[in-house]
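Start counting the sequence shown at 240; every next residue gets the next number (my numbering). Have a look at the structure below, then the notes.
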Amino acid sequence: MIMETAVPVVEARDLKKYFGARPAVAGISFDVRPGECFGILGPNGAGKTSTIRMIYGLSPIGGGSLKIFGRHIGMDYRRIKARIGICPQDNNLDPDLTVLQNLEVYARYFFIPPARARRRALDLLCFMSLESRQKSKVTELSGGMMRRLIIARALLNEPALLILDEPTSGLDPQSRHQVWERLNELRSRGMTMLLTTHYMDEASRLCDRLMIMDRGRILVEGTPAGLIRDYVGEHVIEVGEPTDELRKHVRASGLVHEDLGHLLIIYGNRHNRIYHEIAARYCPEGCLMRTATLEDVFLKLTGRGLRE
């Protein structure tokens, strides 16, 4: 349940991060509300991970202000970190330990008593559908199992904020869906989550609100459905190898579009008569009509795809 009037879990104001003279995060401001899944969507190099590292305290802020749970990150770091669970992008599990041992050893960092740590670890392995692998070495797990184990580890300290940095990067579709199911279950329980991803479908499925970043800046912020509706409309027509005549017709009709040369992308609503006229007149065989996505929003704003 999202509580809009409560103190934000994360409150960033004019937040900056530099690597040398280059701004990795160029003065961004946003809030993460209690009980919501807030997403940071953007291509590699957009500033997503740099932002996450500042929030978790792994990297000092380069300017602006950052509050977590209403406290300045630099003034009460230890107490803040104790209330955060982190699922990093990279696999940093201990390969010499079993699945259960990885969780029990990690629990020591939070001074969780051994008996309680074991109970908590077994409960989380069950929640992540890993109970049958508790004695397996990490090296025996699939990529999807490893990601689920890392999320289980992040939940050991019963965090008030769960940070997920590209949680399904590199996974096959089936493994991604298994992770999404568990994250949606956490979301339904009211867990506050901060998610970075370059997968548009992941952001649409999991996030209550999100911001799209590019080159260290926030381009837009809102709900997934709202951003799609406001910037590109409900539907998209893709025309391969468009003719000059079609280009002129689209411009003359005032249609919102993106011309990529080999591909013309036209945004709007398929119930509009003009879209059916275009499909019938200019591309009886080559048109693709589909539902608009967050990828279209990013393309409309930048002229580039999320993976470019």
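Ideal Cβ placement from N, Cα and C applies to all residues, glycine included.
Check	Outcome
Which class does H488 belong to by DSSP, given the choice of helix, strand or coil?	helix
What are the complete beta strand (DSSP E) segments, minimum 3 residues, inside the stretch 423-494?	432-436, 448-453, 456-461 and 474-479
Taking the alpha-carbon positions, what's the I267 to I389 distance?	29 Å
Identify whether K376 lies in helix, strand or coil by the three-state DSSP scheme.	strand
According to DSSP, is F349 part of a helix, a strand, or is it coil?	helix
Could you name the residues that DSSP lists as bridge partners for T549?	The question about residue 549 has no answer here: the residues shown for the chain are numbered 240 through 547.
First and last residue of the beta strand (DSSP E) that includes T530?	C526 to T530
Rounded to whole angstroms, how far is the Cβ of D181 from the Cβ of E275, which I believe are closer than 8 Å?	Outside the displayed range of the chain (240 to 547) lies residue 181, so it cannot be described from this structure.
Can you give me the C-alpha to C-alpha distance between T482 and C526, rounded to a whole angstrom?	13 Å
Report yes if the CB atom of G472 is closer than 8 Å to the CB atom of A531, and no otherwise.	yes
Are the C-beta atoms of Y257 and some chain C residue less than 8 Å apart?	Of the protein chains in the structure, only one exists, and it is not chain C.
Who does E250 pair with in a DSSP beta bridge?	D270 and K306
What span of residues does the beta strand (DSSP E) with E497 cover, start to end?	H496 to D498
Reducing DSSP to helix, strand and coil, say where I294 ends up.	helix
What residue range does the alpha helix (DSSP H) around L388 cover?	G382 to A393
Taking a contact to mean a Cβ-Cβ separation below 8 Å, would you say L503 touches H496 in this structure?	yes
Would you mind stating whether T436 and G286 have Cβ atoms separated by less than 8 Å?	no
Taking Q373 and V344 to be in contact with their CB atoms under 8 Å, please state how far apart those CB atoms are, rounded to whole angstroms.	With a Cβ gap of about 14 Å, Q373 and V344 do not count as contacting.
What residue range does the alpha helix (DSSP H) around I323 cover?	Counting along the chain, I323 falls outside any alpha helix (DSSP H), though it belongs to the beta strand (DSSP E) covering I323 to C326.
Helix, strand or coil for T288, going by three-state DSSP, please let me know.	helix
Where does L332 sit, in a helix, a strand or coil, going by DSSP?	coil
Just to confirm my understanding: we take I312, look at its own chain, exclude 5 residues before and 5 after, and list those with CB closer than 8 Å. What are they?	M293, I294, G296, I300, L305, K306 and I319
Spatial neighbours of T541 within its chain, please: C-beta separation below 6 Å, excluding the five flanking residues on both sides.	D453
Which stretch, first to last residue, makes up the beta strand (DSSP E) that contains I300?	Element bounds for I300: n/a, residue is neither H nor E.
So, for M572: in the same chain, excluding its five sequence neighbours on each side, which residues have a beta-carbon less than 8 Å away from its beta-carbon?	With the chain covering only 240 through 547, there is no way to say anything about residue 572.
Tell me whether I504 sits in a helix, a strand or coil according to DSSP, three-state version.	strand
If you reduce the DSSP assignment to three classes, tell me which class E260 lands in.	Reading the sequence as shown, one finds Ala at residue 260 and not Glu. Coil.
Out of D335, D315 and L533, which one is the CA nearest neighbour of S443?	L533
Give the DSSP-derived three-state secondary structure of I312 in the structure shown.	coil
Are the Cβ atoms of A393 and L400 separated by less than 8 Å?	no
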